[in-house]
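Residue numbers (the numbering used here), protein chains in the order written: chain G, 1 to 197; chain E, 1001 to 1197. Cβ coordinates follow ideal geometry from the N, Cα and C atoms, glycine included. Okay, structure first, notes after.
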């Protein structure tokens, strides 16, 4: 019986949704083909029809998570520092959904550091994120909102700040409620904006 | 036959060494009682005599890793900004040993986020680290090396920067060689030191 590509793609999306739910609840340590099948109310056999192994499952789930973030409506505000701020606010775990997504990303680091292919995928992801930040930094510099420091270094510093704040906020949500994350971000950006480096 | 506490402790240290080696090579996803036993050339049965389950193994290995870091010789330099810089240089993955240790910490986040006890341990660890940084920030402020901003916020920002730089350097060691990590840290500290926030 011929299979339709549309059905196949839809089923792969269903599987990815189940993968996200398992990851958000149990982390990568709890991600097994069986757990995902149970989450879907399907058999492990059906699952392996779409993904031959756990690694294929993980890679696909991370790619879809990337796409979901990229597909979010952009910020209509002005370019430069305001756009940079909006991008970072969007990434930080300030909502339950953003916290769940970040928890999946942070959890994926263990598996990724142990697997050269997944590690290369993550390295490329973070390089692209730095490139997007660098672009906003250069715009802010042209607008006179940021001093003319090396944009690569500033982008790496901003990305460091954001990743590290995410980790701390996931472990200590009471100490890092949304409003404190916003304040820390604003203070950090204000520090970067001061001339005299 | 009576067992000596000294032997027991020594064996637990041997086990922790094996746990670290497994973690550095395969991450938490690859950490099993069997893998640790194989690494030690021992039986799983012997291992369970010392650690009833994987969680006990993980908790003990992380505690010893903490102790190892705390036992390192302190920096004899002056207090304040120089001490803060030395602390952070010590943490960053600028040597193979520091990279291996950080890789274990980053890998542990997945397991820790999935387990309330491990998560509480990590939250307490990072709170203590922020407290140490806050102490150095206050000293630097008293010495006039840092402007009088909220020390809790500055400490959280510094910790964020360090954790995020660690993650990026682990995934992209070619982009973040030791000398670039040092330069990024120095530029970041110089930014914090500028008056006018």
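Within its chain, find whatever has a CB closer than 7 Å to the CB of residue i; leave out the 5 residues flanking it on each side and keep chain order.
i              : result
residue 1050/E : 1011, 1012, 1015
residue 1129/E : 1159
residue 143/G  : 80
residue 1107/E : 1023, 1027, 1028
residue 195/G  : 147
residue 1100/E : 1024
residue 1103/E : 1024, 1170
Assuming residue i and residue j are in contact, meaning their beta carbons sit under 8 Å apart, how far apart are those beta carbons, in whole angstroms?
i              : j              : result
residue 1133/E : residue 1155/E : 4 Å
residue 1083/E : residue 1136/E : 5 Å
residue 1054/E : residue 1032/E : 7 Å
residue 1171/E : residue 126/G  : 6 Å
residue 184/G  : residue 1153/E : 6 Å
residue 110/G  : residue 1110/E : 4 Å
residue 1070/E : residue 1118/E : Actually they are not in contact, since the Cβ atoms of residue 1070/E and residue 1118/E sit about 19 Å apart, beyond 8 Å.
residue 1193/E : residue 1145/E : 6 Å
residue 1089/E : residue 163/G  : Not confirmed; about 19 Å, so no contact.
Ignore the nearest five residues each way along the sequence and tell me which others in residue i's own chain have a CB closer than 8 Å to its CB.
i              : result
residue 114/G  : none
residue 36/G   : 15, 18, 19, 22, 47, 57
residue 1000/E : Past the edges of chain E, shown from 1001 to 1197, lies residue 1000/E, and the structure says nothing about it.
residue 1190/E : none
residue 1001/E : Caution applies to residue 1001/E, whose pLDDT of 42 falls short of 50 and renders its modelled position unreliable; the value that the coordinates give is listed next. Answer for residue 1001/E: no residue qualifies.
residue 1131/E : 1155
residue 198/G  : What the structure shows of chain G is the stretch from 1 to 197, and residue 198/G is not part of that stretch, so it cannot be assessed.
residue 1139/E : 1079, 1080, 1083
residue 1167/E : 1106
Tell me the residue span of the alpha helix (DSSP H) that contains residue i.
i              : result
residue 108/G  : 96-113
residue 43/G   : Taken as a continuous stretch (DSSP letters only), residue 43/G belongs to no alpha helix (DSSP H), as it is neither H nor E.
residue 160/G  : 151-171
residue 147/G  : Segment: none, residue 147/G is in no alpha helix (DSSP H) and carries neither H nor E.
residue 182/G  : 178-193
residue 1121/E : 1116-1142
residue 64/G   : 54-71
residue 81/G   : 81-91
Which residues in the same chain have their Cβ closer than 6 Å to the Cβ of residue i, if we skip the five residues on either side of it in sequence?
i              : result
residue 34/G   : 44
residue 188/G  : 161
residue 1007/E : none
residue 1122/E : 1112
residue 64/G   : 16
residue 1178/E : 1094
residue 1039/E : 1018, 1021, 1022
residue 116/G  : none
Under 7 Å, CB to CB, which of the residues in the region 99-129 of chain G have a partner in chain E? So the close ones are 103, 106, 107, 109, 110, 111, 113, 114, 119, 122, 123, 126, 127.
Name the residues in the region 11-41 of chain G whose C-beta lies less than 7 Å from a C-beta of chain E; which are they? If you check each beta-carbon in the region 11-41 of chain G against every beta-carbon of chain E, the ones closer than 7 Å belong to 26, 27, 28, 29, 30.
Check distances from the C-beta atoms of the region 1150-1168 of chain E to those of chain G and list, in chain order, the residues that come in under 7 Å. For the region 1150-1168 of chain E, the set of residues with a beta-carbon nearer than 7 Å to any beta-carbon of chain G comprises 1153, 1156, 1157, 1159, 1160, 1161, 1162, 1163, 1164, 1165, 1167, 1168, in chain order.
Using a Cβ-Cβ cut-off of less than 9 Å, give me the residues of the region 1134-1151 of chain E that come near chain G, in sequence order. Residues 1149, 1150.
For the region 1047-1072 of chain E, which residues have a CB atom closer than 9 Å to at least one CB atom of chain G, in sequence order? Closer than 9 Å at the C-beta level to chain G, one finds no residue of the region 1047-1072 of chain E.
Scan the region 1184-1195 of chain E for residues whose Cβ lies nearer than 7 Å to a Cβ of chain G and list them as they occur along the chain. Result list: 1184, 1187, 1188, 1190, 1191, 1192, 1194.
Relative to chain E, which residues along the region 79-92 of chain G have a C-beta separation below 7 Å, given in chain order? Per Cβ criterion, the list is empty.
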